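**Student:** The sequence shown runs 1330 to 1455 under the numbering used here. Ideal Cβ positions, reconstructed from N, Cα and C, are used throughout, including at glycine. As the structure is a prediction and not an experimental result, all values here were calculated from the model. Please find one structure pasted underneath; my questions will follow.
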Amino acid sequence: EGLVWEAAMFAGYRKLDNLCLIVDNNNLQIDGPITEVCSPYPIDEKFRAFNFHVINVADGNDMEQIAAAFKEARETKGAPSVIVMKTVKGKGVSYMENQVSWHGVAPDDEQFRIGMEDLEKIGEAL
């Protein structure tokens, strides 16, 4: 969207190093896989062109990687930062993972129960 890119251009030009953007790159959007609808790639190169410090997070569902990325962003001086995280939409909920059909849809009571059980198993494993 135009406003987003204009703001990014301004932030890079003004070297707003107290700004940190987050890109949740789960490869899906409401109409399907992003590469089949309107590919934004290469995301990192676009932000570099606007003078952003780019931080790529290989697993955006891993809190340690996310915390390390925010630490790096806080320590970056002279440029805004963008954290580009590769994530899995619906991570941990068996029937939701990587399913574009769950964009903006709430689970019914039974689906909610199953989803909570899935997430509780993950919590116990931690």
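Report, in whole angstroms, the separation of the C-beta atoms of residue 1382 and residue 1340, which I expect to be a contact under 8 Å.
**Tutor:** Along the sequence shown, one-based indexing puts residue 1382 at 53. Along the sequence shown, one-based indexing puts residue 1340 at 11. The Cβ separation is near 11 Å, so there is no contact.
**Student:** Does any CB atom of chain D fall closer than 8 Å to the CB of residue 1388?
**Tutor:** Although the question refers to chain D, the structure presented lacks it and comprises just one protein chain.
**Student:** Any chance you could list the alpha helix (DSSP H) runs of at least 4 consecutive residues sitting entirely within the stretch 1403 to 1444, in chain order?
**Tutor:** Whole alpha helix (DSSP H) segments, 4+ residues: zero.
**Student:** Provide the residue span of the alpha helix (DSSP H) that contains residue 1373, from first to last.
**Tutor:** On the sequence shown, position 44 is the one that residue 1373 refers to. Unbroken alpha helix (DSSP H) run through residue 1373: 1372 to 1378.
**Student:** My output table needs one value for residue 1363: the three-state DSSP class, helix, strand or coil.
**Tutor:** To locate residue 1363, count along the sequence shown from 1; it is residue 34. Correct three-state label for residue 1363: helix.
**Student:** To which residues of the same chain is residue 1394 closer than 6 Å at the C-beta, ignoring the five residues directly before and after it?
**Tutor:** Against the sequence shown, residue 1394 aligns to sequence position 65. Result list for residue 1394: 1386 and 1388, in chain order.
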